[in-house]
Amino acid sequence: MSPRWRCGTMHLFIILSTISVVCSASTSPEEENDRLALMTLRDGLMGSGAPAPGGALSSWNNSVHFCQWQGVVCGGDGLKRVIALELSGQMLSGTVSPSIVNLTFLEGVFLSNNSLHGDMPKEIGNLGRLQFLFLRQNSLQGRIPAELSNCTNLLRLSLSHNNLTGEIPSQFGSLLQLIQLDVINNNLAGEVPTFLRNFSSLNQLFLGHNQFHGEIRDSIQGLSKLVTLSVESNSFSGAVFPLHNLSSLQIIEMSDNSFTGALAPDMDAAFPKASFLSFARNHFTGALPPSLSNLSGLSVIQAQGNGLAGGVPDNLGKLSNLVMLQLGNNLLGSEKSYDLSFIHSLTNCTKLKRLILGNNRFSGQLPDSIGNFTSDLQALVMGSNSITGSIPEGIGELSGLYVIHFASNSLSGTIPNSIGKLTQISEMHLQENNLRGGIPSSIGNLTNLLQLSLSMNSLDGNIPKTLANCKSMEIIDVSRNLLHGNLPEDVFTQHLMYCNISHNSYNGMFPSVFGKLRALNTLDASYNNFSGEIPAQFGDSSSLEFLNMAGNSFNGSIPGSVGRLRSLKWLDLSDNNLSGAIPKELADIAGLENLNLSFNHLKGEVLLLKNVAGVSVAGNIELCGGSPELQLHPCVHQKKGKTLSRKAVIAITLSVILVSISLLMVALLFIFHNNHRKNKKDQVEDWAKGYQRVTYAQLFKATEGFAEANLIGRGGFGDVYRGILDQDEGKPLAVKVLNLLKHGASKSFTAECKILRRTRHRNLLSIITSCSSLDYKGNDFKALVERKS
């Protein structure tokens, strides 16, 4: 943005303030009127406090003539009348008193960068000599007084960065001398009045960051002297191009509106002096005009977040002053191999600092010429396209890069060793590609690296130990790769806030060093092959909010030290081999929102965690109690009683003998019955040969605990649930659960195993497996699993 007011204005009043004013023994009535007005004004500007010692208003007393007061400028030629108030940046916190109207010779009011509040006094409109009114960066509220329209000599009006509401007064059409109108960053609304186009001297128009709406083209058409047009962050709509008779425009800021239509094809003719063009985040369509290359003074092009399509002009390399080219989030490119041919031309833009091309339709390979950009290039963003091939070795020549973003493409090959030459880089995003090989040890040269994202590739090996040199690292994500081995302990530094190593093949003990990382907020080590006990040192990670260790082979008990994680919101330890009781210290974590301990070997009573919204303990058959929603059996507590008598002991002994004889008879009957059932079971098992069997735990998880939401039907012998098995590539399945309490259900299970093997149905392709097991309450469980069509 260009300066909001000209230094020459201030120089005028600085010169005037140096004129010597001789205090006479008596003052004229006009001077006394000014003095009294100033004193009242002082009381308002101070608010409820006294003048700060050494502050601007501390000199406002009767010890000297008011023309010698700080911030007061009086006229020359023997006059002692106040013509300007220069009190910007003086930490004033009061209000502007209506008494300002009594300073009838005022030409300039400069009260910017304070903390003034309240409404603008409408009496300002009676200052007929006023030329400059600067009240920006305060906390003024209310409407802009329509009475300001009486100040027909007003040249510059700056009211930006306040809390003003309402509309631009319709009476402002009389301010035909205006050079600058600045109301940026308020809460103004309505449509921009068309009388603005009559302000033939207007040089700067700042309307941004308000709530204006409607079309704007008719309001600015023909402002031939306009240099700066700032209308960003409003709700303007409609077509804005073509614009005529705006040949002086240098800065055009239209971002964050709802403008439509195509960009002007004749940019060079319409805005020959343009240096800054921002059309970001609108609804512009069509192509990027090749005529942009003829704007020799152009330094910034921001057109991201539109619907622009087609190719990027090959001749943009003619823009020798180009510093920023932002074209992300459009429809640029044709998914052809030549989409990135314009890169070669852009390397001639030796001042280019930011090249943003992400989230488009670019295809083809990264050209080797990408290494020909100068060291001035700081950001190279090409993520979320369809770029193929490998990362050129020449990337290492871009020594000034701070950000490199190639994520979500189809890049292949290895990460080049030359990447270690990017010693200034702070963010590296290479995730979601097809990169393979190891993480190069040269990455340890990137001592300014804050964020490293390599997830969802096919990288193997281990994290290089040289990463320990990146002592400022805050975020590391290497999840969903093929990394393996023991996780190195000494590569994670004290600034680390986010660490995701999930879905790899790491094994061995989990490093206890993570307990020393005081800044760590998120740790996801799920779905690896870690074993051993969960380190008790985790309790020292005072900033930890998210901890996911699911899907490993951790054993032993849950350390009670987790209760010291007072910031913890999410804890997932499911799918491990943990045993013992749930530590009571978990109840000390007041902010815990989700707790998943399912599918372990935990036992004992489940705590009533009142603050936890989501608790899952499924798959731990020795747990009891807890809230009714968990559907666990109640805990049986042994009560203390009196010592049994001798007669009672004899009676109990006899009872035990009788029970033992009964159990022996039941066992003999069971053996006979079991032999009878074996033939039926063998029929099922013969059918099931060649089919992958599933466990009750897998079906419980696939159907989200046989939730009602997944129930799709009820039959004579059971219920049918929809579900998704992890090992079946995420395809939808139907799980028929037999109700074995109904007579004939077991026989139905055997029969269906035979029939469904050969039968097709419009909703079933085939039966793929079965389950005959015990549920978590120890009851007999049988189910058929069928793939849905």
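Those letters in the sequence shown? Residues -24 to -1, 1 to 765, per mature numbering (1 follows the signal peptide of the UniProt record, and there is no 0), in order.
Just so you know, even glycine gets a beta-carbon here, dropped at the ideal spot from N, CA and C.
Anticipated Cβ contact below 8 Å, residue i with residue j, distance rounded
i	j	result
residue 295	residue 269	6 Å
residue 675	residue 699	7 Å
residue 561	residue 536	5 Å
residue 448	residue 426	6 Å
residue 231	residue 278	6 Å
residue 787	residue 670	Since the displayed the chain opens at -24 and closes at 765, residue 787 lies outside it and no answer follows.
residue 356	residue 380	5 Å
Of the listed residues the options, nearest to residue i (C-alpha basis)
i	options	result
residue 552	424, 430 and 525	525
residue 99	17, 257 and 76	76
residue 284	436, 275, 489 and 256	256
residue 568	149, 555 and 540	540
residue 313	259, 338 and 711	338
residue 327	351, 347 and 343	351
residue 461	475, 438 and 478	438
residue 474	454, 496, 464 and 482	496
residue 529	519, 550, 423 and 516	550
residue 597	456, 557 and 228	557
residue 370	394, 354, 698 and 356	394
residue 589	7, 601, 450 and 572	572
residue 342	332, 320, 353 and 325	320
residue 686	139, 697 and 565	697
residue 23	93, 132 and 198	93
residue 61	74, 40 and 83	83
residue 15	713, 4, 286 and 73	73
residue 58	299, 408, 156 and 46	46
residue 777	521, 185, 554 and 231	Absent from the structure is residue 777, since the part of the chain shown begins at -24 and ends at 765.
residue 241	470, 227 and 260	260
residue 457	5, 501 and 490	501
residue 271	606, 298 and 357	298
residue 31	41, 42, 65 and 168	65
residue 170	144, 155, 340 and 187	144
residue 766	51, 19 and 40	Residue 766 cannot be examined here, being either before or after the span of the chain that is shown, -24 to 765.
residue 3	21, 17 and 42	42
Under 9 Å between C-beta atoms of residue i and residue j
i	j	result
residue 146	residue 165	no
residue 523	residue 493	no
residue 307	residue 301	no
residue 436	residue 420	no
residue 374	residue 334	no
residue 547	residue 578	no
residue 766	residue 701	There is simply no residue 766 to check, as the chain begins at -24 and stops at 765 in what is shown.
residue 482	residue 463	yes
residue 95	residue 119	yes
residue 136	residue 182	yes
residue 110	residue 86	yes
residue 216	residue 192	yes
residue 200	residue 234	no
residue 219	residue 246	yes
residue 506	residue 538	no
residue 316	residue 289	no
residue 404	residue 387	no
residue 434	residue 455	no
residue 37	residue 69	no
residue 116	residue 140	yes
residue 382	residue 367	yes
residue 78	residue 114	no
Beta bridge counterpart(s) of residue i as assigned by DSSP
i	result
residue 110	86 and 134
residue 482	461
residue 381	357 and 405
residue 50	58
residue 579	598
residue 446	Answer is none; residue 446 lacks a bridge partner.
residue 252	227 and 276
residue 593	None; residue 593 has no bridge partner.
residue 708	700
residue 167	189
Check: residue i C-beta below 8 Å from any heavy atom of the ligand PLP
i	result
residue 23	The ligand PLP is not part of the structure shown, which contains no ligands of any sort.
Short CB-CB distance (under 9 Å) between residue i and chain B
i	result
residue 181	Note that chain B does not occur in the displayed structure, where there is just one protein chain.
In the stretch 176 to 248, which residue ranges form an unbroken beta strand (DSSP E) of at least 3 residues, counting only runs that do not cross its ends?
180 to 182, 187 to 190, 204 to 206, 211 to 215, 227 to 229 and 234 to 238
Any chance you could list the beta strand (DSSP E) runs of at least 3 consecutive residues sitting entirely within the stretch 465 to 535, in chain order?
474 to 476, 481 to 485, 498 to 500, 505 to 509, 522 to 524 and 529 to 532
List, from N- to C-terminal side, the alpha helix (DSSP H) runs of 4 residues or more that fit wholly inside the stretch 280 to 364.
318 to 322
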